[in-house]
Amino acid sequence: MTEGRRMRFAMVCSSNQNRSMEAHTLLKRHGLDVASYGTGAHVKLPGPSLHEPNVYEFGTPYKTMYEDLRRKDPDLYKRNGILPMLKRNLAVKTAPQRWQDNAADGIFDVVMSFEERVFDMVLEDMNNREQKLMKAVLIINLEVKDNHEEAAAGAKVALELCKELEATESWEDTIDDIVAKFEREQERRILYSVSFY
Amino acid sequence: MELEKWRGGGMAMPEGSLRFDSSRALRFLEDVGPELTEDIVVLMPTLISFLRHADPLVVKKSVTCGTVLIAGVLQEIAFQINSFGRVDRWLEEMWSWMVQFKDFVSSLLSESVSIGAKTAVLKFLETCVLLFTPHSDATGSPGKGFNIVNIPRGYCRFLDPVLLESDGIKALNLLLDTFHSSYSLHGTLIITSINCLVAIAKKRPIYYERVLSELLGFYPSINSIQGAHSSSIRFNLRAGLLGFLRSTNPSMVESRDKLIMALRGLSPGESTEQIIRQVEKMSRNLERPTRDNFRSYKDEHPPPAEDPISRKRGSTLLIPEDLPSKRARSDESDQNETNSELTPAGKMIAVIGALIAEGERGVGPLELLISNIHADLMADIVIETMQQLPKSLPVSSPRTQVPAGALTENPLGTGDGTEGKRDPRRDPRRLDPRRPAGPMGSTGTNNIQSQVNTDIIPADSHPVPSSSSLASRLPPSLPLSEPNFVETAANVEMKIESELKPLQDFKLTDVTETLIKEGTEIKTEEITRTTAPPPDLTYFEQDAAMSTPSDHNSVESDRLLQGEKKDSLMEDASASSGELPVFPLCFELNEREKREACQMAIRRIIDGKSDYHLQLLSRMIALNDPEDEILGQIQKHIFVDFHRHKGHELALHLLYHLKAAMAMDSSSGASDRYEKFLLSLARALLDNLPSTDKSFNRLLGDAPLLPDSAFHLLEELCGGTDGRTHKEREIDGGDRVTQGLGTVWSLILGRPSARMACLDIALKCAIHSQDEVRSKAIRLVVNKLYLLSYASLRIEEFATNKLLSIVHDQSLEMEVDQTTSRDAKVEIMNQESSVTSSQSSEPGFSENESGLVLGRLSGLSLSQAQTQISLFFALCSKKPSLLRVVFDVYGKTPKAVKQAIHRHLPVLLRNLDSCSELLDIIYNLPEGSENLITLVLQVLTEESTPSADLIGAVKHLYFTKLKDPVILIPMLSSLSKEEVMPIFPRLLELPLDKFQAALARILQGSAHTGPALTPTEVLIAIHDINPEKDRVALKKVTDACTACFEQRTVFTQQVLAKALNQMVEKTPLPLLFMRTVIQTIDAFPSLVDFVMSLLSKLVSKQIWKMPKLYAGFLKCVYQTQPHSFPVLLELPFTQLENVLVKHANLRAPLAAYVINKNIHATLPGQTLKILGLLNEPQQTTPKPFDSGASIQGATLT
């Protein structure tokens, strides 16, 4: 970017645990300026059964969750990959953050969501915010299933996409081509929208 | 800080700010924030100059900066007015800079700047629209605290709310123009303009109708957009429309049907349906109180007895007796609403009025405003103002009265507020020629006609001019540019109106109507009034020379319009030409000429390729009851580039018109015309457009009324009998069927009155003989329709009846076919029903028999049966309790149906999640369904282990009702040894193939418990059966043994050895033990040593005391000689003697054996004696050769 400053990216999923954090980790490792959020009302992690998820408030440190789950059933949560995931997360940041409460975190150039429902919520939230700076923000949805393997694959695509966006002079001019190219190459459905801060 | 430097450096800003390099410029822009101070004024020239900067980022940033500033400036102005009652001078100056900035920015859109900058411009325009439009919400708008309604007119010298508002409209127009031209644009721009427009419509509902019509007009063309990412565009459009749908704003609520229709078209699927359902639920909750308010009104005027949807549609139809009351109501509500919210047209009229009141100053803005007003809005304005015109205009006013001038007298004379809100253009009442035009049009059209004629003709005493005379009368100074017939519809009307103003005693409304209605009464006053020289006079002369009346007319109308075009501003025109206009001429045309003129007019409108042809055509249709030829002409036009030309809208205009005509005219002619037109439209849509196109669907969905023939068409389409050959159908891959069923589905959702008819079509297709049609229809019925509460019962009944009918009729049909007497069919049906029942009650009437009777028919019947019951089985997958019906009737069904059931059931069972229904059925198994339940159990256990519940149920069934162990076979693998053992004898009794199946299950076992019995245990279990005690035929047991021996891979020699080893220890020995031993040695000769050890054990067990076994023992011994000789020699000598008596030919080999082995010494003397070795030892010696031969012979036997 010729603006002399780098692009800021936000990775958003539902609980700020798996997909957004996977992407956050990877982008951070590659030196990009990135934050991550969840749009859900709570942070939900799989529990012993489908109907008994572990529910936490946003802002609860990953470490607390880690210890909580390790206490409850270390075998189960190790086996289903939750504990390793939490361990990874706590190395990246303290606690999951909620997208809707991130006004104080400054503005982003690109927001990337990993599920259409999340995409909708980000857009709706952006429309409900008071627009003061009139600065355009690109919001992209990359459809990624919420499991460890897919999250890892999705994060790679997200990294490529963000790198490509950062390399471009102005995303407004190139986004159609970039999206079309990624869709073709990765065979993933991508949607984008434009909102303003 | 860059900014501080400039501020610190005093007021001197560098003139050529282009000298800023990019990074400095950007730093400068970073610092310009929303906080306003006096010295920001000096930065404005720089900011404006940045709009021309070479770096696209600087341009973009500058626009963004300006967007923030303009809101800030207006906010500050509002603050100062509120706080101090005055505005600082610097702010005034700042505003004038902002105005410059705004104009500059607007021009960027048409220039080649970067997309990023253009995106920012779009946001700027949105901000302007929001700022410059009066509003009632304090939140969510830029420029907090600023609202132009709070700025009193004339209070602020530089800030005129009227001008601001017109600026707002300009900005909106620009935004819309950009959106309009977006077909070739970049995705970012399209998406941003969609989002901006949606934001405007949400925050300023006064523009909602307009924005909505643009968005809806846009969506069919999404796919044709090149280069842009169409699924993102579609998503954003959908999100916008969903936002409208969720809104509780009255105008958005009112357009809900339209939105839902569009959303379904845009992204059909469950997610959309889910949202629609949510919204409907929400709105029902909200509407309840509102509905109560209207109840009193409705009680007085009960609606016509129609279903809800057509009532809804009907409300927009012309129902004359309904009209006054409706009007009265809307008038009442108007009084409440006028003050708070004006219609867009009313608002615009107020703005125009205010501009005119400005005098000279208003001219410029007025000109701009009028040139930018959307055609639809302009049409509304004209119509509204016409109602306010005085009956007659002053006789000798040399100056044209500006129409809006009349309005200044009634600035709020918007007439019908609610009408406008409902978008009067779409209100077919307006399109109806019989409707009185406005309050003063109470006289009929004929009256108007005659009045106009009498008013006009005496005014000009010239006779009707012939075309040639007209040409000659053309003044040489006719100001004609290239003839351009189609101006915007609105401008035409507006100008017609302005031209007509000077006419004395002239009813403007009436004349305009007449003009359009007849299309032939030509007013030529403006031709003589014009002064400039005509650049293309030859055109007219040529045209005029062709003296057909129709051509003549077109020339006339051309002139009319040209003249109008020139007088673009009415005031100027009349002011510049001080002459009195010459009064119009009228032509009386005969019917044929009128018709031709009308046709030609339509052709010209169509050929004109104007964006506004839709409005023009629809008005023409409304005013002229179109003839069939014209209908045909328009219809042809509709299909040329259907979407681009808004063919759907035009078609609906026509349909509503014809429907209105039907309502007036109860004769069949009118309804025939409607029907014919609708059908030909629908057929043409099918023929001309691909099957993926939704237009056919939309047409049937939106048409005011669906005649029976439309359903027939739909049925043909769904059933694949739409007149196309089989080959053609193959080419489109059944897509037409999909299209037809898709239409059926949306009609069921969207048209409650058509529900049952459509449901019937869907159901008929669901038992269609073609597999493809049937499977698609079944998917629709089961996955979609069955979920609808109003359809589920009907579907269930239908499917059940079909099942029952074939159960009862199938056998009849065979009979009928056999007799081949079709006439007698009915009688036979009656007689046979009793026969059938008696037959079915006979247990002996087996499947095989009926199969034989059927003979050649069975194949046919099977496919028939499958056709009829597919739907039922598909329903079972949704509602497993229906399965019980199958079980209930199974016993009575003929073979073909049974076969069909057997084919369907496994598929169904594999897809069934829970088998709780089945458990119920198993617990209470209906008579005659034993075979079926066996099949069910087989299928259920094929791929998964049966659940404990299922095992329990089956056991219960076995022990209580159905003693047939066959049903247990599928369960065997999950049973334990203890459970299997008691029923083992029963299994043995089964036919051999069943037993083998059972054996396989037992040996297979389940993954958890392993096999119930090992092969060894099986063998032992078989041998343990006591035929007498267990009441099993011995034959069955031997067969079972044989079956085991056949499976050599399972019952290996080790298994056999182990089993025999265990059995030999038993007392008493199993009956078949020796038989098995013999079989074993036959099967596995290598086991001979082992067998000998067994025989030896038997000798020790005194086998000769067990006569049955002993026979087997001897046989075995005999067969296995010479290996068995040692065993033989072990026998006590009495037994040995017996043996040798029985088998005399054993004696010699045995003796030879003893001699050869030289074991005389070890044998007791008696034995030797029996062998004849003791008494005559010399006899034996010469015979070694013989004995060898006999040994050989023995082994060979």
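Just so you know, the sequences run in chain order U and P. No gaps in the numbering here: position 116 of the first sequence is 116 in full-length UniProt numbering, and each next residue is one more. No gaps in the numbering here: position 316 of the second sequence is 316 in full-length UniProt numbering, and each next residue is one more. Yeah, the Cβ is synthetic: ideal placement off N, Cα and C, and Gly gets one too. Values in this document were obtained by computation on a predicted structure and should not be read as measured data.
Can you say whether residue i is buried or exposed, counting buried as having 16 or more other CB atoms within 10 angstroms of its CB?
i	result
Gly31(U)	exposed
Ser36(U)	buried
Val1141(P)	exposed
Ser973(P)	buried
Gly72(P)	buried
Lys281(P)	exposed
Arg277(P)	exposed
Lys1108(P)	exposed
Phe1113(P)	buried
Pro394(P)	The predicted model places Pro394(P) with a pLDDT of 46, which falls under 50 and marks its position as unreliable; any figure quoted below should be read in that light. Its Cβ having fewer than 16 others within 10 Å, Pro394(P) is exposed.
Leu992(P)	exposed
Asp103(P)	exposed
Considering only DSSP beta bridges, list what residue i is partnered with.
i	result
Ser113(U)	Val12(U) and Asn141(U)
Arg98(U)	Gly38(U)
Lys44(U)	Val55(U)
Phe798(P)	None, per the DSSP bridge assignment.
Tyr192(U)	Ile140(U)
Asp33(U)	Arg8(U)
Can you check whether the C-beta of residue i is within less than 8 Å of a C-beta belonging to chain U?
i	result
Ala228(P)	yes
Ser106(P)	no
Met570(P)	Per-residue confidence for Met570(P) stands at a pLDDT of 41, beneath the threshold of 50, marking its modelled position as unreliable; the derived number appears in the next sentence. Chain U contact via Cβ: absent.
Leu57(P)	yes
Lys123(P)	yes
Val68(P)	yes
Ile370(P)	no
Ser221(P)	no
Ile191(P)	yes
Phe20(P)	no
Leu147(P)	A quick correction: the sequence has Asn, not Leu, at residue 147(P). Answer no: the Cβ-Cβ gap between Asn147(P) and chain U never drops below 8 Å.
Checking contacts by CB at 8 Å: is residue i closer than that to chain P?
i	result
Phe9(U)	no
Phe114(U)	no
Tyr66(U)	no
Lys135(U)	yes
Val111(U)	no
Ala180(U)	yes
Ser49(U)	no
Tyr37(U)	no
Leu142(U)	no
Against residue i, what residues of chain A qualify as contacts under a CB-to-CB distance less than 8 Å, listed in chain order?
i	result
Asp173(U)	Among the protein chains of the structure shown, namely U and P, there is no chain A.
**OP:** Determine contact between the stretch 120-139 of chain P and the stretch 166-175 of chain P, defined as no fewer than three beta-carbon pairs at a distance below 8 Å.
**Re:** yes
Original post:
Is it a yes or a no for the stretch 138-150 of chain U touching the stretch 98-113 of chain U, going by three-plus beta-carbon pairs under 8 Å?
Top reply: yes
Subject >> Runs of alpha helix (DSSP H) lying entirely within the stretch 863-921 of chain P, each at least 4 residues, in chain order >> reply: 883-890 and 895-911
**OP:** Only counting runs of 4 or more residues, tell me where the alpha helix (DSSP H) segments fall wholly within the stretch 18-67 of chain P, in order along the chain.
**Re:** 22-31 and 44-50
**OP:** Decide if the stretch 902-912 of chain P is in contact with the stretch 935-947 of chain P; the criterion is three or more beta carbon pairs, one per stretch, under 8 Å apart.
**Re:** yes
Original post:
Three or more beta-carbon pairs under 8 Å between the stretch 188-206 of chain P and the stretch 145-164 of chain P, yes or no?
Top reply: no
Original post:
What residue ranges within the stretch 648-674 of chain P form continuous beta strand (DSSP E) runs of no fewer than 3 residues, ordered along the chain?
Top reply: none
**OP:** Would you check if the stretch 94-102 of chain U and the stretch 158-170 of chain U touch, i.e. whether three or more CB-CB distances between them fall below 8 Å?
**Re:** no
Original post:
Is it a yes or a no for the stretch 1016-1028 of chain P touching the stretch 1058-1072 of chain P, going by three-plus beta-carbon pairs under 8 Å?
Top reply: yes
Subject >> Complete runs of the alpha helix (DSSP H) confined to the stretch 1046-1131 of chain P [at least 4 residues] >> reply: 1053-1063, 1073-1083, 1088-1100, 1107-1120 and 1125-1130
**OP:** Determine, using beta-carbon pairs with one atom in the stretch 22-38 of chain P and one in the stretch 47-59 of chain P, whether at least three such pairs fall under 8 Å.
**Re:** yes
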